[in-house]
Amino acid sequence: MTTQITSPPPTAEPRKRARRRPDGSYTAKVARPGFGWAVPATVFFALFAIVPLIAVAVLSFMSWNGLGSPEFVGMDNWTRIADDPVMINSIWLTLLLTALGVIIQTPLSILLGVWAAGNQRNRAVLSAIYFIPLLLSSTAVSVLWRALLDPNFGIPARATWLFGDGNLFGKQATAIGVLAFVSAWQFTPLHTLIYQGAARAIPQVLYQAAEIDGAGRYRQFFHITLPQLRNSIITSMILMIVGGLTTFETVLILTQGGPGTDTTISAYYMYQKAFKGFDFGAGAAIALALVVAATIISLIVVKVSGYDKMRSDMEGVS
Amino acid sequence: MRRRPNYLAGAGSLLWLFLVGLPLYVMLAATLRSRGDYAEGGPVSIPDSFTLDNYTGAFDSGFGRYFLNTLVVTVCVVGLVLLLVPPLAYAIVRSRSRATSLIFRLFLLGLAIPAQAVIVPMFYLISEAGLYDNLLGVILPTAAFCFPMSALILSGAMRDISPELFEAMAMDGATPRRMFFQLVVPLSRGGLSTIVVFSALQAWNGFLFPLVLTQSDSTKVITLGLYNFQTEHGIDIPGLLGAVVLSMVPVLLVYLFARRALVQGLMGVGGK
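Chains as they are written, first to last, in the numbering used here: chain A, 55 to 372; chain B, 495 to 766.
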């Protein structure tokens, strides 16, 4: 790979009629790179992302136990997962957790982001601290909370007046609560950042005009800030939905899908099927279903919101 | 604008500070106290012992090795991204060929592919290629999954270079290659540092590919080390948290010295 890049193909610009001339006679034509410049990265990406994506579709019609060669089995994997109660349940759990993520994190991060956008000094200092959870890997965050919420040595064991028997991982409702809370703890700062950038980009004139009209702080928030954040709300919601549908580490480390299969969401079930049950065909089918679902939901959000007709998709990225 | 302070928002922000700060405080405090002290007093109590055993203990259980492995993965991933993405972004921004715009579409589409979706075939392909349980097998897919976001970030930065500069260089008879090295690369340093931080974070914090594509201790990366530590010695909470703190030290250092690039890199992480 190293050699490919240092020498871009000499045929880089075969179609250009007017050539650059050392004496400067055809200077109006600026030499442009040909598509050869894009080839090494594209080949690399195709090999390690596009090929596997196609392979996941193919594998979902095959049976493979991790050894030997995969065999074609038609719709078998699909009918099996469609009849699997754990799978059906996992879809509902995934949707529930995704919805909880959106419902909890959206208002929180809008409020925090708009607040952090103010240029007061204390706000700058506090937002620097808010930001820290984002620096930790999902693994570290999950391990940290698993330790803090440990049924025997964690916080709940010391605060039984609040947490009952202290075992938050023992019941479905509290286990789901823990997953939603930990995701919110980890990802709210990211969405806060998005809203902070977007809120700073709102023209101050709008607020000055509203002030003259006598609009108070809350009216300004609902009539200026929120509508102006529309693009960012959609960007951030798509991120939340895709992130929610593919949540994996949090479940693996915090609940192992338990108690029983009460928090076995689809991405975790795929991992279990493939890498614990050695049923790679079914795993591939679940994976494909996840990609399709994430894409469809994102497209619906984009269509419903009219986002595709707006100009900037990087709004809010400061 | 002068206004009276917003007390309600202030109170809310302090509540969030508490929610973010308490776990971080408990984590730091726990790593500096003995295991007995922690078990006895509970997580939020005031420590009455001081020890660095939790950190040395992490190194004794192999974290030095995992650190090194993670560093190798990170450096190689960043290297691959720096080697392959700038020419790609240059072509995306400057080339007029139809193939290039198709390629750009392909990468935009690639933004939507989650790593979870491809781990099953990835395991198959990497095993077939003989790279299972080999750091190279982790490096290659991790780098590939950094490409779409990096290409988007970098082509954005390159688009800001004014066309007059290209024309001026063309006057001197510059080839696309010379423009790339003398104009585009120097002027997109901001974008380059963002993609470095972005891909380094992806590699440093990556978990899924190592989980599925490696198994032995000699190829273990730090996130996997944390996971194993947790499943094997879950009761030794101060020791476990010591390892967590160690795993985030390099990222914190970057935070101190390259805050802006880090923030932008993180926004990229969210885009995954």
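Backbone N, C-alpha and C define an ideal beta-carbon position, used for all residues, glycine too.
I'd like to know if residue i contacts chain B, where contact means its C-beta is closer than 8 Å to some C-beta of that chain.
i                      : result
residue 132 of chain A : no
residue 333 of chain A : no
residue 355 of chain A : no
residue 402 of chain A : Outside the displayed range of chain A (55 to 372) lies residue 402 of chain A, so it cannot be described from this structure.
residue 209 of chain A : yes
residue 128 of chain A : no
residue 252 of chain A : no
residue 349 of chain A : yes
residue 337 of chain A : yes
residue 204 of chain A : yes
residue 113 of chain A : yes
With 16 as the cutoff for other CB atoms within 10 Å, does residue i come out buried or exposed?
i                      : result
residue 245 of chain A : buried
residue 357 of chain A : exposed
residue 159 of chain A : buried
residue 542 of chain B : exposed
residue 693 of chain B : buried
residue 563 of chain B : buried
residue 546 of chain B : exposed
residue 133 of chain A : exposed
residue 266 of chain A : exposed
residue 676 of chain B : exposed
residue 686 of chain B : buried
residue 129 of chain A : exposed
residue 280 of chain A : exposed
Secondary structure at residue i, three-state DSSP: helix, strand or coil?
i                      : result
residue 674 of chain B : helix
residue 123 of chain A : coil
residue 656 of chain B : coil
residue 116 of chain A : strand
residue 617 of chain B : helix
residue 129 of chain A : coil
residue 627 of chain B : coil
residue 707 of chain B : helix
residue 95 of chain A  : helix
residue 692 of chain B : helix
residue 174 of chain A : coil
residue 547 of chain B : helix
residue 561 of chain B : helix
residue 685 of chain B : helix
residue 222 of chain A : coil
residue 203 of chain A : coil
Between residue i and chain A, is there a C-beta pair that is closer than 8 Å?
i                      : result
residue 733 of chain B : no
residue 660 of chain B : yes
residue 643 of chain B : no
residue 501 of chain B : no
residue 520 of chain B : yes
residue 536 of chain B : yes
residue 586 of chain B : yes
residue 738 of chain B : yes
residue 724 of chain B : yes
residue 631 of chain B : no
residue 687 of chain B : no
residue 528 of chain B : no
Grab the span of the alpha helix (DSSP H) containing residue i for me, first residue to last.
i                      : result
residue 275 of chain A : It is not in any alpha helix (DSSP H) - residue 275 of chain A carries neither H nor E in the DSSP assignment.
residue 357 of chain A : 334-359
residue 251 of chain A : 226-254
residue 515 of chain B : 501-525
residue 603 of chain B : 592-604
residue 701 of chain B : Per DSSP, residue 701 of chain B belongs to no alpha helix (DSSP H) and is neither H nor E.
residue 143 of chain A : 139-171
residue 739 of chain B : 731-751
residue 555 of chain B : Segment: none, residue 555 of chain B is in no alpha helix (DSSP H) and carries neither H nor E.
residue 308 of chain A : 303-308
residue 724 of chain B : 716-726
residue 263 of chain A : 258-266
residue 285 of chain A : 284-299
residue 214 of chain A : 214-217
residue 589 of chain B : No alpha helix (DSSP H) contains residue 589 of chain B, which DSSP labels as neither H nor E.
If you measure beta-carbon to beta-carbon, which residues of the stretch 258-285 of chain A are closer than 9 Å to chain B? Residues are counted here when their Cβ sits less than 9 Å from a Cβ of chain B; for the stretch 258-285 of chain A these are 258, 261, 262, 265 and 271, given in chain order.
Please identify, using Cβ separations under 8 Å, the residues of the stretch 615-628 of chain B that lie next to chain A, in order along the chain. Hits within the stretch, in order: 615, 616, 617, 618 and 619.
Interface positions of the stretch 743-755 of chain B facing chain A (Cβ-Cβ less than 7 Å), listed along the chain: Within the stretch 743-755 of chain B, the residues whose Cβ lies closer than 7 Å to some Cβ of chain A are 745, 746 and 749, listed in chain order.
If contact means a Cβ-Cβ distance below 7 Å, which residues of the stretch 538-562 of chain B contact chain A? Residues 538.
Note down, in chain order, all residues in the stretch 174-193 of chain A with a beta-carbon under 7 Å from any beta-carbon belonging to chain B. Of all residues in the stretch 174-193 of chain A, 180, 183, 184, 186, 187, 188, 189, 190, 191, 192 and 193 have a Cβ within less than 7 Å of some Cβ in chain B.
Would you list, in chain order, the members of the stretch 84-98 of chain A that have their beta-carbon closer than 7 Å to a beta-carbon of chain B? So the list reads 84, 85, 86, 87, 88, 89, 91, 92, 94, 95, 96 and 98, given in the order they occur along the chain.
Near-chain B residues of the stretch 298-315 of chain A (beta-carbon distance less than 7 Å), N- to C-terminal order: Those residues of the stretch 298-315 of chain A that come within reach of chain B (Cβ to Cβ, closer than 7 Å) are 300, 302, 303 and 307.
Interface residues of the stretch 693-722 of chain B facing chain A [CB-CB below 7 Å]: The stretch 693-722 of chain B vs chain A, Cβ under 7 Å: 699, 701, 702, 706, 717, 720 and 721.
Output needed in chain order: residues of the stretch 98-109 of chain A with a Cβ under 9 Å from some Cβ in chain B. Closer than 9 Å at the C-beta level to chain B, one finds these residues of the stretch 98-109 of chain A: 98, 99, 100, 101, 102, 103, 104, 105, 106, 107, 108 and 109.
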